Amino acid sequence: MQDKKTTGKFFRYKAKSWLDAFTAPSTGHPNRSNFVRGMYRVQDITPYIHVLCNYVAEFLEIHHEFGLAAFSCSPVEKKNHMQVCLYFQNTLKDGRNKNSRKLAILEMLEHENRQLYFASNKVPNFLKKSKKYRLQ
């Protein structure tokens, strides 16, 4: 993979085979000796893994002269970090609404979409977060 001559086609093949191993389901009966636990679920795929498996090969095909080392996923890591912070700030706050069946990732993406919409359409923010004061 460190080779500058790594093609997008080869990278796509290696990434797909790694992803298949990463998301392989459990096999056998859990209470038997032949049980093999799967590594992760499809739901556990992070944005970083998504970009690695779906877009890096395309970038390699377009910009093959730079080689694999030129592609940084730091923006994806930054977005992943922001989503993790958002998850622990909002979705787990106050015990979370137990009746909500919405996935946490869906809540985060909807929140981001609202932020982008309001920013791009210059919607004024009338609803400021209220400040709480404690009297002693």
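Residues 251 to 386 in this note's numbering are what the sequence shown spells out, letter by letter.
The beta-carbon is built from N, C-alpha and C at its ideal position, and this holds for glycine as well.
All values reported here derive from a predicted model rather than from experimental measurement.
Would a C-beta distance cut-off of 8 Å place residue i and residue j closer than the cut-off?
i      : j      : result
Arg287 : Ser276 : yes
Asn330 : Tyr298 : yes
Cys303 : Lys266 : yes
Met358 : Leu336 : yes
Gly258 : Glu315 : no
Can you tell me whether DSSP reads residue i as helix, strand or coil?
i      : result
Val286 : strand
Asp344 : Here Asp344 scores only 48 on pLDDT, less than 50, and its place in the model is too uncertain to base an answer on.
Take residue i and list the residues in its own chain whose beta-carbon comes closer than 7 Å to its own, dropping the five residues that flank it on each side.
i      : result
Phe321 : Val306, Phe309
Asn371 : none
Val326 : Pro297, Tyr298, Val301
Ala274 : Gly288, Met289
Ala369 : none
Near residue i, what residues of its chain come up, given a Cβ to Cβ distance below 8 Å and the 5 sequence neighbours on each side ignored?
i      : result
His279 : Phe285
Val373 : Tyr367
Thr256 : Leu310, Gly317, Leu318
Thinking C-alpha only, which one of the options is nearest residue i?
i      : options                        : result
Val292 : Cys303, Arg282, Phe272, His313 : Phe272
Ser324 : Val301, Gln339, Gln365, Asn363 : Val301
Met332 : Ile355, Ala319, Lys382         : Ile355
Thr296 : His313, Glu360, Val334         : Val334
Go through its chain and collect everything with a Cβ distance to residue i's Cβ below 6 Å, but skip five positions before and after it.
i      : result
Glu362 : none
Leu269 : Cys303
Phe260 : none
With 8 Å set as the bound, which would you pick, yes or no: does the beta-carbon of residue i sit closer than that to a beta-carbon of chain B?
i      : result
Ser276 : Any reference to chain B falls outside this structure, which holds one protein chain only.
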